[in-house]
Every structure is written in C-alpha cells, then in structure tokens.
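In my numbering, the protein residues as written are 16 to 297. Remarks on the structure that follows.
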C-alpha cells in the first residue's frame, strides 16, 4: 500500500529525513515513533504529496506522489494539527465544508459525528469544544469521505486518558474495517496497543523497526522472570530449566499471583538506543 525507499529531505541545509525506508501493507496500522522535531510530520507531507522529497522513491497505491490525481487524493484521510477547524462554524457546518470539497453527501454528517462520539454536538460551535471533542471532530473530518488510508499525526497528543482510550477504540475499529492507518506518536504505550509494526525515528533516521513485541524481546538483555507471590514476596529468576522447575512447583502450590518476563518497554528501547526520552524536544 505504501513504500518508501531512501527518502531524504532537507530544509535550509539541515537534513530532516536521512534515508528513510519502510513498507506498509494494506489493512495494517503502522506507527512512526519519535520526539517532536524528529521528522514525522515532514514524512506525512511527503507521503500525501504536499511536499516533494529531495531524493529517494515513494509509492502509494503504486503511484509516486507527483502523479497523484484528485481521485487519488480523495483516498486519503488526514488528521494533522495544521489542518484546523473553522471556529465560527458548528461541528455539522465544519463537516459540511469537507463533504462538499470531497463530493460526498451531507446526509452522512450526523452518522460520522455519532461514530466518533459527537452525536449530540452537531450544532455546537467549534470554538466551544473541549480539546478532546476537537480531536474527535478532526477524526470525523478525516473519515468523512471513506478514505482507504488514514494519516493520523499525534492524534491523542495532550488528551486525558479517558478521551485517549475512546480515540484508540475508534482507530482499532477502522482497522477492523480494512483501513490502512499511518500513525505518528511519541506515546510508546499507545504504539504498543495500536500498531502492527512500528519504526523508531531519531534525528531523521529509522533506528529500529518491527512488531512492538519483537523489538522489546530483541533488547531483553536480562532474560529473567519476575514473580509476585500470594504472601507478598517478589522473586526473580533467570530463564532456563532450573527456573521452569521452580515456577512449576510454585504454581502447583497456588502461590503465584503474577508472573512477568523482563522485556523492556518501547520507551526503554528508545532510551537505550538514543540516550534520550521521547518526550524531549529536538
């Protein structure tokens, strides 16, 4: 569905993207993870034909972005901070503008608002929306014309946990319906929950890529197992035959409350590879 090969992009002699390559199959969620300023938004602009790359090749729907037609662009749904809402318009009026632009019936506006949890906000003015409701309205706009690929640039940034979980449910529902989703985030927990594959972006380069759980296993240097017992004791063992016998005995005795391996989180992997946290600005 999407293919990038050695994509490079510079601004004022600063190379923002430095040889980016990846493949995204149809019907999957791909997460591009990195701190602010890492080049995530720039890459979305290149993939959607808003910005040319300096070198490398991009194909989306087997086409280069410079060859996109109006019909091709209608296959994209895009949610980005730079695509704001019309403050003086109601939610319904905001979506009506984009329904007309995409040539889809306005009759579906109430249904799409209900789909994102804004069923009662059709007549509510955009300037009166909370940050969470605004994010949902931007999602509704991205879904308005039933696109095949949805680009979501930090869709839950700054939102409370409850609103975030609601948006996660909406995204996963879109995947179940066969949509391909390109997600940028600096929230590693979000990426682990949502993404089939992720790429870690640092200073314009992809430094690691794969399924979230595979990446975490790859950097499990401790290779240990932690147990919490019913009497409150915490135990830690090296993985191996001896540990297997010990754990089996504890399980037979009914003493084990929880058992975990020591794989690091994606956040820890990023910190190990770069020496910095994702929340830090470039």
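Note that beta-carbon positions come from the ideal geometry of N, C-alpha and C, so glycine has one too. Everything numeric in this text was worked out from a predicted model, so none of it was measured.
query                                                                                                                                                                                  : result
To which residues of the same chain is residue 113 closer than 8 angstroms at the C-beta, ignoring the five residues directly before and after it?                                     : 156, 159, 160
Can you list, in chain order, the residues of its chain with a C-beta nearer than 7 angstroms to that of residue 271? Leave out the 5 residues immediately preceding and following it. : 242, 244, 265
Can you give the Cα-Cα distance for residue 215 and residue 187, rounded to whole angstroms?                                                                                           : 21 angstroms
Span of the beta strand (DSSP E) holding residue 47?                                                                                                                                   : 44–48
Quick one: Cα of residue 201 to Cα of residue 44, how far?                                                                                                                             : 15 angstroms
Can you give me the C-alpha to C-alpha distance between residue 68 and residue 85, rounded to a whole angstrom?                                                                        : 20 angstroms
Closer than 6 angstroms by C-beta to residue 250: which residues in its own chain qualify, once you throw out the five before and the five after it? Chain order, please.              : 242
Starting from residue 21, trace the beta strand (DSSP E) in both directions and tell me its first and last residue.                                                                    : 17–26
Can you tell me where the beta strand (DSSP E) with residue 115 in it begins and where it stops?                                                                                       : Segment 106–117 is the alpha helix (DSSP H) holding residue 115; no beta strand (DSSP E) there.
Is the Cβ-Cβ distance between residue 273 and residue 237 less than 7 angstroms?                                                                                                       : no
Across which residues does DSSP place residue 217 in a beta bridge pair?                                                                                                               : 220
Please report how far the alpha carbon of residue 92 lies from the alpha carbon of residue 164, in whole angstroms.                                                                    : 6 angstroms
Looking at the unbroken beta strand (DSSP E) that takes in residue 38, where does it start and where does it end?                                                                      : 29–39
On the criterion of 16 or more Cβ atoms from any shown chain inside 10 Å, does residue 217 qualify as buried, or is it exposed?                                                        : buried
Any idea what DSSP makes of residue 11, helix, strand or coil?                                                                                                                         : The first residue shown for the chain is 16 and the last is 297, placing residue 11 beyond what the model contains.
Could you check if residue 160 belongs to the surroundings of the ligand HEM, using beta carbon to heavy atom distance under 6 angstroms?                                              : In terms of ligand content, the structure shown is empty, and the ligand HEM therefore cannot be addressed.
In chain order, what residues of the same chain lie with their CB nearer than 6 angstroms to the CB of residue 282, ignoring the 5 residues before and after it?                       : 203
Taking one C-beta from the segment 123–141 and one from the segment 21–38 each time, how about it: are there three or more such pairs within less than 8 angstroms?                    : no
Tell me whether the beta-carbon of residue 35 lies closer than 7 angstroms to the beta-carbon of residue 221.                                                                          : yes
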